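Student:
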Amino acid sequence: LTLITAGGAWLWARLSLNGVIVTRTLETRRLFPGEDAVFRVSVVNRKLLPLAFLEIHDQLPNDLRIMEQPSVPSGIPGRDVLQITTAMRWYERVSWTFHVHCPVRGQFVFGPTEIRSGDLFGFFTSTLALDNFASLLVYPRVVPLEEIGIPPRHLFGDQRIRRQMVTDPSRIVGVRDYRPEDSIRHVHWKATARVGALQAKVFEPSTTIHFGIFLNLDTFEHYWEGVDYERAEDAITVAASLAIHALDARQTVGVYANGVSGGSDQPMRVRPSRSPSQRVEILAGLAKLSPIASINFARLLRAETSRFPMGSTVVIVTALVTDATAAVLVNLHQAGHRVVLVTIDEVEVPAIRGLLVYQLDSAGIGTPRNQRRRYAIQMNPVALAGLIERQRDAS
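In this note's numbering, the protein residues as written are 69 to 463.
(1) Using three-state DSSP, classify SER430 as helix, strand or coil.
(2) Report back the beta-carbon spacing between PRO208 and ALA355 to the nearest angstrom; my notes put them in contact at under 8 Å.
(3) Going by CA-CA distance only, name the one from GLY404, ASP413 and THR381 that's closest to VAL389.
(4) Report yes or no: do the segment 71-85 and the segment 124-131 share at least 3 C-beta pairs separated by less than 8 Å?
(5) Between the alpha carbons of GLN334 and VAL383, how many angstroms are there, rounded?
(6) Taking C-beta to C-beta, are VAL111 and ILE89 nearer than 9 Å?
(7) Helix, strand or coil for LEU423 per DSSP?
(8) Just checking my contact of HIS313 with PRO220 at CB under 8 Å: how many whole Å lie between their CB atoms?
(9) Cβ atoms of GLY179 and LEU198: under 9 Å apart, would you say?
(10) How would you write the range of the beta strand (DSSP E) that GLY174 sits in, first residue to last?
(11) Along the chain, where does the beta strand (DSSP E) that runs through ASN399 open and close?
(12) Tell me the DSSP secondary structure of ARG230 in three-state form.
(13) Specify, as a first and last residue, the run of the beta strand (DSSP E) that GLY353 falls within.
(14) Measuring straight from C-alpha to C-alpha, what distance separates VAL425 and SER332?
(15) Among all the DSSP beta bridges, which residues are the ones paired with HIS167?
(16) Name, in chain order, the residues that DSSP records as bridge partners for ARG209.
(17) Need the endpoints of the alpha helix (DSSP H) that LEU368 sits in, please.
(18) Drop a sphere of 10 angstroms on the beta-carbon of ALA308, count the other beta-carbons inside from all chains shown, and report buried for 16 or more, exposed for fewer.
(19) Which same chain residues, not among the five before or five after ALA403, have their C-beta less than 6 Å away from its C-beta?
(20) In chain order, what residues of the same chain lie with their CB nearer than 6 Å to the CB of HIS405, ignoring the 5 residues before and after it?
(21) Which residues does DSSP pair with ALA268 in a beta bridge?
(22) Do ARG98 and ALA202 have their C-beta atoms within less than 9 Å of each other?
(23) Terminal residues of the continuous beta strand (DSSP E) containing GLU182?
(24) For GLN319, which beta-bridge partners are listed by DSSP?
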């Protein structure tokens with residue numbers, strides 16, 4: 069009898085997870101900090117054999133908080149486990165609904181899920197790992213510019229007048245007599261030789277003035293000094309707010325940062341555009357952005373603005389101004405760009421002609437204090453699966 073009981077218990081445990089289907093559903097995959105996402109877990113037992121017990125362990129980032137029940141540490145940095153236990157009859161379906169509070173921006177990966185069941189007596193168990201990853205994107209905060217000390221009217225100006233004043237040097241529409249205020253670079257030498265008097269090129273007015281936002285994630289002058297995550301998050305909030313307000317003002321907006329986004333090894337680049345999808349592209353890029361600088365900011369600023377048409381607005385959002393960055397700002401002004409410097413808290417700013425400066429108080433930006441960001445939440449599902457697999461092998 070003992071052998072029969074043990075054999076039956078072993079067979080029950082062996083077959084317990086056959087036909088068991090676990091699904092996880094996120095009703096909303098994109099939202100803003102402070103909002104809640106609805107999160108559902110459903111289980112179906114598609115067989116005659118009932119389940120004496122079923123344990124579900126679903127991993128999720130510990131930056132998120134489940135309102136209905138607390139999660140527990142998983143043993144992986146930055147990860148928690150949601151534990152669900154139930155019993156199921158044959159062909160039964162059970163579901164649970166949770167509300168997940170999202171206090172900070174980021175790309176958050178749910179999964180994998182591990183399920184466990186066994187026989188009625190608890191002699192034997194079976195475990196199954198499900199690589200059912202899902203991603204939730206929390207955009208950075210967007211705040212009114214007036215609240216953080218930036219008057220939009222001063223920042224954007226009268227773009228219609230500026231477009232009439234700015235010309236595109238790549239499009240020549242004719243020639244005219246040279247004037248003393250003309251640059252020698254604009255002399256049309258072939259026309260001058262033909263007419264016998266100095267002739268200047270006439271350029272077509274530009275209609276593609278760019279509004280470029282450049283986000284510097286350096287919070288200390290030397291990388292070995294570490295990262296001030298709170299100031300970096302403040303800078304990301306300011307960059308997102310500037311971009312959205314500029315798009316609302318019908319600007320051709322681009323956003324660049326010297327940090328990687330979405331698991332890429334390249335710095336974040338969202339080229340200037342006014343397309344309907346630009347808002348989502350910018351917010352998604354900033355949501356996935358690592359708060360750690362990966363390349364030299366001055367080099368990025370110099371390289372990307374070299375493609376901007378003359379008369380564009382270049383906005384730099386930064387927590388510090390190095391000598392190399394100041395030199396690029398001078399060059400941008402000399403090249404005919406409108407240069408705006410937005411600093412997080414008061415920093416030493418060199419005297420640069422034509423530079424518009426806004427020094428913001430980080431206390432007024434509204435980023436929650438003591439939100440120490442962990443790079444683990446920026447992992448894509450492939451990298452996360454590899455980390456989990458290595459942990460399984462080690463155990």
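Positions of the beta carbon are idealized from the N, C-alpha and C atoms, including for glycine. Given the structure is predicted, the values throughout are model-derived calculations rather than measurements.
Tutor: Let's see:
(1) helix
(2) 6 Å
(3) ASP413
(4) no
(5) 21 Å
(6) yes
(7) coil
(8) 6 Å
(9) yes
(10) 174-178
(11) Run containing ASN399: none in the beta strand (DSSP E); it sits in the alpha helix (DSSP H), 391-402.
(12) Low local confidence applies: a pLDDT of 46 at ARG230 is under 50, so the model's placement there is unreliable, with the coordinate-based value given in what follows. In this structure, ARG230 counts as helix in the three-state DSSP scheme.
(13) No beta strand (DSSP E) contains GLY353, which is instead part of the alpha helix (DSSP H) from 346-355.
(14) 32 Å
(15) VAL106
(16) DSSP lists no partner for ARG209.
(17) 365-373
(18) buried
(19) none
(20) SER380 and VAL382
(21) ARG244 and VAL255
(22) no
(23) 181-186
(24) Per DSSP, none; premise fails for GLN319.
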